[in-house]
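J.: Below you'll find the structure I mean.
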Ligand SMILES: Nc1nc2c(c(=O)[nH]1)N[C@H]1C(S)=C(S)[C@@H](COP(=O)(O)OP(=O)(O)OC[C@H]3O[C@@H](n4cnc5c(N)ncnc54)[C@H](O)[C@@H]3O)O[C@H]1N2
Ligand code: MOO
Ligand SMILES: [Mg+2]
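Numbering (our numbering), first residue to last: 567 to 1170.
Structure representation (structure tokens):
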């Protein structure tokens, strides 16, 4: 079936000024993608300006392939709400009943639906529907009309055969769902149908929304961990902060007799203590019951030793003050207080804080399996064979998982063989929740991953992403099993692991959503870079010059050249080329994902 292109136009001053605030547009895109397997989507954001709305709508109406446009926002009663006024003059025919259907359904949820003034109609061969601006409303409105859309398009197209077929379906002989289903790429068929990927190229933000919507959390840190209270005080006894002498702060008289030695690990000592006596004590040792301060060894002089060579008299050079160099009981953490002052999902933080209060519990981490696919692959260590290449992806991904605090339970190398691929996936998913594969997701007649997933009844949420490298990145799921099919080119696998698989695993592990993706910083480009047709994620090393971070692109960026990850501190996010702009210039500032903790390679 031919792809249908949908337009999603977010109309909002706020979202225009800060795209990250646009929740409704991406939500709509993701719903379209989930509902229509043959959908392509163009999306844009404009402010609440009549002329700008019309100019964007006109461009899409004039594009033959754009068949349905949803607008979101600007339908209310506020002075800046002009979406219906901008839309109406462009319509050849209005479809008021479509809007009535939407309004009736929305009124069942909230009477506020009565305050939306959206219109629906046909412009050329394009159906336009105005939806309100809220994410929830958009989802509901889309749900109301989605099943009507294929038939509406057939009617607009005057496609008699399909119209008749839909009428038959309405009478109960076939489902509309079946009609709009498109099978994934059929390898080796050799006819026209297998020459284009049926998978729309989704924007990264949409793929992220889908991933966070689909991946289930295997641990619920909020409940299990964040509310944990301490069963002990830290320190559990009054502890010395210094190596020195524990004594009474009262009756200071210059020198004191050393009456005992307390080391870390000794039980607190109840022995009576006079004002002219002291105990030699080590850092971390419990203060004798009758002492109330410690004088560090640097502020004392040894006066004499006894016949065994032990210290017997010391001169105290500073005045002892109550509580000097003493950590009171519960100073760092009080019993029954929360162990976690703030939520921090780092396994380092969680495990070590739990250990500090005596809780020995390893956090359940999502179980991950890695699979390298490809008949051309040789394991490192094997002798070279003509036509074969060494498998770098399995090692790279295993090291990355370890670097980010996760383990992988198994690594297997598959040949390009459909039954073997299916068998291995089934076996792996008996043991793990995540399988990350590399290779076999593009258009070759040996690229079996998507077919295997379909045949195993996985839902393929994403088969292509609008990015370079990493275009064929595939994400699929079934029940709580999640599958990432990273592209085989090693750099594509590297980039897509960081951008998609890692955030998904962190999410499953219970991390806060905003913490799941890599941290983003702003960097200035050190050199010009020609922009690609796809948004590009460029490996670059970072130099700090007078506090400003500069990114230097790491040589040839072809996705097979793994050397570009050497010295890669960040992935610089470069936008796609446009008619106005074909290069990113030196000195311009771009966002960049931080790949490693030590992300500044040079200081100048
Ligand atoms: N007709 C089209 N061909 C390709 C397209 C396309 O859109 N149309 N996309 C290209 C893009 S972009 C990428 S990225 C690759 C992705 O390919 P696959 O995921 O199918 O991966 P393979 O074909 O199996 O391998 C690609 C390449 O990578 C090497 N490779 C694979 N696994 C490993 C490994 N474990 N270690 C090292 N190197 C590996 C493999 O030998 C190939 O050279 O498809 C393009 N094609
Ligand atoms: O997207 Mo591919 O990953 O360009 O090489
Ligand atoms: Mg391939």
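The C-beta atom is built at its ideal place from N, Cα and C for all residues, glycine as well.
#1: Per DSSP, what kind of secondary structure is residue 583 in: helix, strand or coil?
#2: Secondary structure at residue 709, three-state DSSP: helix, strand or coil?
#3: Among the residues of its own chain, which have a CB less than 8 Å from the CB of residue 593, if the five just before and after it don't count?
#4: Report yes or no: do three or more beta-carbon pairs, one from the region 1147-1160 and one from the region 1124-1131, lie closer than 8 Å?
#5: What does the shell around ligand 2 hold, if a residue joins when its beta-carbon is under 6 Å from any heavy atom?
#6: Between the alpha carbons of residue 993 and residue 979, how many angstroms are there, rounded?
#7: In the structure shown, what three-state DSSP assignment does residue 1169 receive?
#8: Contact check, residue 1165 vs residue 1108 under 8 Å by CB: the rounded distance?
#9: Using DSSP's beta-bridge definition, name the partner residues of residue 1042.
#10: Mind listing, in chain order, the continuous alpha helix (DSSP H) runs of no fewer than 4 residues lying wholly within the region 980-1016?
#11: Counting only runs that start and end within the region 641-721, where is the beta strand (DSSP E) found for 3 or more residues in a row?
#12: Tell me which same chain residues have a C-beta within less than 6 Å of the C-beta of residue 904, skipping the five on either side of it?
#13: Locate the beta strand (DSSP E) running through residue 871, then write down its first and last residues.
#14: Which of the three DSSP states, helix, strand or coil, is assigned to residue 1163?
#15: So, residue 828 versus residue 801, is the Cβ gap smaller than 8 Å?
#16: Mind checking residue 1116: buried by the 16 CB within 10 Å criterion, or exposed?
#17: With a Cβ-Cβ cutoff of 8 Å, do residue 998 and residue 1049 count as a contact?
#18: Around ligand 3, which residues pass a check of Cβ closer than 5 Å to any of its heavy atoms?
#19: Report the CB separation of residue 1141 from residue 1097 in whole angstroms; it is logged as a contact under 8 Å.
#20: From residue 1119 to residue 1093, what distance separates their C-alpha atoms?
#21: Between residue 983 and ligand 1, is there a pair consisting of the residue's CB and a ligand heavy atom that are separated by less than 7 Å?
#22: In this structure, how does DSSP classify residue 1081 when only helix, strand and coil are distinguished?
#23: Is residue 941 near ligand 1 - that is, is its Cβ less than 7 Å away from at least one heavy atom of it?
#24: Which residue from 638, 571, 624 and 608 puts its Cα closest to that of residue 580?
#25: Identify whether residue 938 lies in helix, strand or coil by the three-state DSSP scheme.
#26: For the region 786-836, which segments carrying the beta strand (DSSP E) assignment without a break, of at least 3 residues, lie completely within its bounds, in sequence order?
#27: From the DSSP output, in three-state form, read off residue 895 for me.
#28: Are there any heavy atoms of ligand 1 lying less than 7 Å away from the beta-carbon of residue 955, as far as the coordinates show?
#29: Per DSSP, residue 608 is paired with what?
#30: Between the C-alpha atoms of residue 1012 and residue 984, what's the straight-line distance to the nearest angstrom?
#31: Are the Cβ atoms of residue 959 and residue 990 separated by less than 8 Å?
#32: In this structure, does DSSP put residue 960 in helix, strand or coil?
#33: Under the rule that 16 or more other beta-carbon atoms within 10 Å means buried, what is residue 670, buried or exposed?
#34: Would you mind giving the Cβ-Cβ distance between residue 815 and residue 886, rounded to the nearest angstrom? I have them listed as a contact below 8 Å.
#35: Mind checking whether the beta-carbon of residue 971 lies closer than 7 Å to any heavy atom of ligand 1?
T.: With the structure as the only source:
#1: In the structure shown, residue 583 falls within a helical segment according to DSSP collapsed to helix, strand and coil.
#2: The answer is helix: DSSP assigns residue 709 an H, G or I state.
#3: 701, 704, 705 and 775
#4: no
#5: Residues lining ligand 2 by the Cβ criterion, that is a Cβ closer than 6 Å to any of its heavy atoms, are 1034, 1035, 1036, 1037, 1053, 1055, 1058 and 1125 in chain order.
#6: 14 Å
#7: It is a strand residue.
#8: Contact flag correct, Cβ pair sits at about 6 Å.
#9: 1026 and 1049, per the DSSP bridge assignment.
#10: Segments of the alpha helix (DSSP H) lying fully in the region 980-1016: 984-995.
#11: Considered as a whole, the region 641-721 harbours 686-689 and 692-697 as its complete beta strand (DSSP E) runs of no fewer than 3 residues, in chain order.
#12: 795
#13: Here the beta strand (DSSP E) through residue 871 covers 866-871.
#14: coil
#15: no
#16: With 16 or more other Cβ atoms within 10 Å, it is buried.
#17: The answer is no: Cβ separation not under 8 Å.
#18: The set, ordered by position in the chain, is 1008, 1010 and 1013.
#19: 7 Å
#20: Going from the Cα of residue 1119 to the Cα of residue 1093 covers about 8 Å.
#21: no
#22: helix
#23: no
#24: For the residues 638, 571, 624 and 608, the minimum Cα distance to residue 580 belongs to 638.
#25: strand
#26: 810-813 and 821-828
#27: coil
#28: yes
#29: 573
#30: Taking the straight line from one Cα to the other gives about 8 Å.
#31: The answer is no: Cβ separation not under 8 Å.
#32: helix
#33: exposed
#34: 4 Å
#35: no
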